[in-house]
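Participant: Taking our numbering, I'd label the letters of the sequence shown as residues 8 to 246.
We treat Cβ as the ideally placed atom computed from N, Cα and C, and that holds for glycine.
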Amino acid sequence: MKFMKTIVTTLIICLTIQANAFTKKVKGNGNVVTETRTTEDYEKIAVGGSFDVTLVSGKEGNLTIKIEDNLLEYLITEVNDGTLKIKWKKGINVHTRKGVIITVPFKQINAVSLAGSGNIKTNDPITSHNLELKIAGSGNMNLDIKASDLITKIAGSGNMSINGTTTNLECRIAGSGDFNSYNLTTRDVEVKIAGSGTLKATINGKISAKIVGSGNVYYKGTGTTEDVKVTGSGNVSKK
């Protein structure tokens, strides 16, 4: 048994060393420049990394980037299958000194996702029939929206602050993430929480909730609970 543990431990160490050997480390030089990049039109936006992204109404495909000049070559901004992807090149470990600020114009988008610890906000509201928002990690979204159907998913400790209106809200939280959105008014809500996450919204219709763990649903408005199942110490309550 000890022999096997030694082999496994040695293998893990070797793999870790090998992985680090193939990762290039780059540090920002502090010299911030502004670059404009052009892309194809897009319907979805996917951000992967600790970027500060602002969504503004405008012509799609004209991105404005404020970044340290020695990091420009490692930043990917590309459109694949209608999705604008913003991320660092694979195999590059980037450390910025001044951060990266990206302004993304949009006409009509139906999905925004964030992976990592970045931030996404809107200067202008997103109007869409169906809108899907996702956070994986510890990132933050602060968005103004107007949508018939809104689907939100949080995996990790991320935070969503959504302002505006929607008819139907479907929310999934896995972990300790928070949907802090009393300024979002909706009719019907279906929420599933696994962990210690929290949903806050203004609800004027039916509330369906399934909670496993210590998660909570707090609501304002005239909403009524129709189907609530709680396993653990979680609860659904009106504020």
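Ordered along the chain, which non-local residues of its own chain (more than five positions away) have a Cβ less than 6 Å from that of H136?
Facilitator: S155
Participant: Would you identify the three-state DSSP class for Y4, choosing helix, strand or coil?
Facilitator: Lying before the first or after the last residue shown, residue 4 is absent from the chain, which here runs from 8 to 246.
Participant: Taking the alpha carbon of A201 as the reference point, which residue from T172, A162 and S244 has its own alpha carbon closest?
Facilitator: Check the Cα spacing between A201 and each of T172, A162 and S244: the tightest is with A162.
Participant: Can you check which of these residues, T90, I109, N190 and I180, is closest to G171 by C-alpha distance?
Facilitator: Of the candidates T90, I109, N190 and I180, the one whose C-alpha sits nearest the C-alpha of G171 is N190.
Participant: Quick one: what's got a C-beta closer than 7 Å to S164's C-beta in the same chain, skipping five residues either side?
Facilitator: S145, G182, S183 and G184
Participant: Report buried or exposed for K199, applying the criterion of at least 16 other Cβ atoms within 10 angstroms of its Cβ.
Facilitator: Answer is buried; the Cβ neighbour count reaches 16.
Participant: Quick check: V60 and N130, are their CB atoms within less than 8 Å of each other?
Facilitator: no
Participant: Using three-state DSSP, classify I67 as helix, strand or coil.
Facilitator: Per the sequence presented here, residue 67 reads as Glu, with Ile not at that position. Of the three classes helix, strand and coil, the one that applies to E67 here is coil, per DSSP.
Participant: Checking 8 Å against the spacing of the C-beta atoms, do A53 and S120 come in under that value?
Facilitator: Yes; because the gap between Cβ atoms is below 8 Å, this pair is in contact.
Participant: Taking 7 Å as the limit between beta carbons, can you name the residues of its chain near G89, skipping five residues before and five after?
Facilitator: Y49, E50 and K51
Participant: Can you give the Cα-Cα distance for A143 and A122, rounded to whole angstroms?
Facilitator: 5 Å
Participant: Let me know the alpha helix (DSSP H) ranges lying completely inside the segment 141-187, each 4 residues or longer, listed in chain order.
Facilitator: none
Participant: If we count Cβ pairs, one from each stretch, closer than 8 Å, do we get three or more for the segment 27-47 versus the segment 68-76?
Facilitator: yes
Participant: Thinking just about the alpha-carbon of each residue, which of E85, V107 and T231 is nearest to the one in N36?
Facilitator: V107
Participant: May I ask you to list the residues that DSSP assigns as paired with N77?
Facilitator: For N77, no pairing in a beta bridge is given by DSSP.
Participant: Whose CA, out of G98, A216, K207 and S203, lies closest to the CA of T30?
Facilitator: Looking from the CA of T30, the closest CA among G98, A216, K207 and S203 belongs to G98.
Participant: Bridge partners of S244, per DSSP?
Facilitator: The beta-bridge partner set that DSSP reports for S244 consists of Y225.
Participant: Since E113 is in the beta strand (DSSP E), which residue starts that stretch and which ends it?
Facilitator: Strictly speaking, residue 113 in this sequence is Phe, with Glu absent from that position. From DSSP, the beta strand (DSSP E) with F113 extends over I108 to F113.
Participant: Looking at the unbroken beta strand (DSSP E) that takes in N126, where does it start and where does it end?
Facilitator: Run containing N126: N126 to T129, per the beta strand (DSSP E) assignment.
Participant: Just to confirm the assignment, what range does the beta strand (DSSP E) spanning I99 have?
Facilitator: Secondary structure note for I99: its beta strand (DSSP E) is the uninterrupted segment I99 to H102.
Participant: Let me check understanding here. Comparing Cα to Cα, which of E47, T192, T84 and G68 lies closest to F58?
Facilitator: T84
Participant: Just grab the DSSP bridge partners of N36 for me.
Facilitator: According to DSSP, N36 bridges with nothing at all.
Participant: Which partner residues does K236 have in the DSSP bridge list?
Facilitator: K217, per the DSSP bridge assignment.
Participant: Please name the residue or residues paired with T231 in a DSSP beta bridge.
Facilitator: K213
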